[in-house]
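To start, the structure under review is shown below, and the notes come after it.
Numbering (mature numbering (1 follows the signal peptide of the UniProt record, and there is no 0)), first residue to last: -21 to -1, 1 to 47.
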């Protein structure tokens, strides 16, 4: 009788620990979706970090002295 009680408690503990570990990690499909969204956000940040190439309108070059 004592052994049956011990096995039931052990089974309850195992089921409970399994449920806790199952809910602790996201489902792989959700992880993949989160990575795609994160990748898109990183790409937008990289694209919008710097202005496009072209002339620098905030700088007027010094005149070059004439050579003799």
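Backbone N, C-alpha and C define an ideal beta-carbon position, used for all residues, glycine too.
Output needed for residue -10: all residues of its chain with C-beta closer than 8 Å, excluding positions within five of it in sequence on either side, in chain order. Against the chain shown, residue -10 aligns to sequence position 12. Excluding sequence neighbours, residue -10 sits near nothing in its chain.
Would DSSP call residue 46 helix, strand or coil? To locate residue 46, count along the chain shown from 1; it is residue 67. Coil at residue 46, not helix or strand.
Measure the C-alpha to C-alpha separation of residue -8 and residue -19 and round it to an integer number of angstroms. As a position in the chain shown, residue -8 is number 14, starting the count at 1. As a position in the chain shown, residue -19 is number 3, starting the count at 1. Going by the C-alpha atoms only, they are around 16 Å apart.
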